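Let me begin by presenting the structure, written as structure tokens, before commenting on it.
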Amino acid sequence: MANNIERMIADTFMEMAQGLETGSFGKRPKVALTGMGSEHGEENSMKAAVEAAKDGIDVYYIGTLEAEGVTTIKVANDEEGHDRMEEMLKNGEVDAAVTMHFPFPIGVSTVGRCVTPATAKEMFIANTTGTSSTDRIEGMIKNAIYGIITAKACGTKNPTVGILNVDGARQTEKALKQLQEKGYDIAFAESGRADGGCVMRGNDVLQASPDIMVTDSLTGNILVKMLSSFNTGGSFEATGFGYGPGIGEGYEQLVMIVSRASGAPVIANAIRYAGQLVRGKVFEVAKAEFAAAKKAGLKDVLDALKASQKPAGAAEEVKEPPKEIVTAQIAGIEVMDLEDAVKALWKINIYAESGMGCTGPIVRVSEANLAKAEEELKKAGYIN
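The working numbering puts the first residue of the sequence shown at 67, with every later residue one more than the last.
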């Protein structure tokens, strides 16, 4: 008993001393880094480990190199290094790991973090690797929640959410706004473009209009690559925090992804990112967010989405009304729903045509029919 008390007192004084030295008080996060497999060699990985260790993080370097301030776990090759990393995570020897590849289960995907070139503002990209769902729209809805979890764990209390203007953006917006209406606390960002809205354009990516940019993980992966290495030609990721932690309901293993092209600054930031998530108790935040989303009817929203995607019977024949001049535009319609939206207007004898405007798909109608057409499309759920 006396020995335990003495150890606790010694640990407390050590934490205080380290806090005074580094400016970071409390228990030091323990983060493993697999150093082998980088296109830039082990020296690049070790340089990152040394830099991150200066910021109040205990870094365990898994590889062949050694350096002051870093604990080396010696392994012969990349495969052995991965096995050792998984073992350390499983045994609780480390709180988190940073690695270059990892087989996440379906339902888990990573939230990237970058620094945007226009304003040097940080932005989370939800998501960048892995698969939140085999259904695209469901995946993007979940990505938004995963992004909120990650941003909150990193200290952003009320993160703003924007949805990149890719296939599924409008359906994702509709679903997230249904959750918001039923009590899920989600703050939507406003596009920097003149027409505003929470659906983000390319300008918003460069300017970091939202705190969290929601997209599918393949697009998110490209965004991280572009934003981290646009000045280097792509072979060396120089800025940002990498592809982020794997997040998913019930998943409590903190694995951060970087790329084989990630330079030392990005890998060091990925270790710091892991440290923030450990200190921010990311898994506790995740439990609270999933509970809040479920309370607001997440299951009902996803079930309704699946029901709407079931193939219908034989398509109803709708007669095209007499043609007229169409100069008014209605935006905000999902590209997959465009022709159905046109036919919904034909059905009530409003002539309409589909088209593609500078911000995405549009339905064109006459100025005289604009208000009535918008009302009908809102009622039918084609626009928000």
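Backbone N, C-alpha and C fix where the C-beta goes; we use that ideal spot for every residue, glycine too.
Quick caveat, the model's predicted, so the values are computed rather than measured.
Gly262 and Glu256 closer than 8 Å at C-beta: yes
Presumed contact (8 Å Cβ cut-off) between Leu99 and Ala115, rounded CB distance: 5 Å
Where Gln29 falls: helix, strand or coil (DSSP): In the structure as shown, the chain begins at 67 and stops at 450. Residue 29 is therefore absent and cannot be evaluated.
Proximity winner among Gly286, Ser199, Ala260, relative to Ile172 (alpha-carbon distances): Ser199
Straight-line gap, Gln375 to Ile229 (C-alpha atoms, nearest Å): 21 Å
Unbroken alpha helix (DSSP H) run spanning Asn269, endpoints: 268 to 273
Beta-carbon proximity list for Val392, same chain, < 8 Å, skipping 5 on both sides: Tyr417, Ala418, Glu419, Arg430, Val431, Ser432
For Gly213, the nearest candidate out of Asn231, Gly363, Thr194 (CA to CA): Thr194
Alpha-carbon spacing of Glu134 relative to Tyr127, whole angstroms: 11 Å
Per-residue burial, Thr185 [other beta carbons within 10 Å of its own, 16 or more giving buried]: exposed
Same chain, Cβ closer than 8 Å to Ile428, neighbours up to 5 away in sequence not counted: Gln395, Ile396, Ala397, Ile399, Ser420, Gly421, Met422
Proximal residues to Lys140 (C-beta, below 7 Å), its chain only, five neighbours per side dropped: Thr130
Assigned secondary structure, Arg94 (DSSP; H/G/I helix, E/B strand, else coil): coil
Segment contact flag, the stretch 333 to 352 with the stretch 224 to 238, C-beta cutoff 8 Å, min 3 pairs: no
Reduced DSSP category for Glu188 - H, G, I as helix; E, B as strand; rest coil: strand
Identity of the residue in Lys291, Glu315, Ala370 nearest Val332 by Cα: Lys291
Presumed contact (8 Å Cβ cut-off) between Pro311 and Thr176, rounded CB distance: 6 Å
Classification of Lys372 by the beta-carbon crowding that lies within 10 angstroms, buried from 16 upward: exposed
Stretch-stretch touch, CB-based, cutoff 8 Å, three pairs: the stretch 153 to 172 with the stretch 313 to 327: yes
Buried or exposed (CB count within 10 angstroms, at least 16 for buried), Lys365: exposed
Contacts around Thr182, its chain only, beta-carbon distance under 8 Å, and the 5 residues preceding and following it disregarded: Glu188, Met189, Val271, Leu272, Gln273, Ala274, Leu293
Selection from Phe307, Thr285, Ser328, Leu284 that minimises the alpha carbon distance to Thr298: Ser328
Rounded separation between Ala241 and Ala362 - CA only: 11 Å
Three-state secondary structure assigned by DSSP to Ala142: coil
Sequence-distant residues of the same chain with beta carbon closer than 8 Å to Val227, five excluded per side: Ala210, Gly213, Ile214, Leu242, Ile252, Ala253, Phe254, Ala255, Cys264, Pro276, Asp277, Ile278, Val280
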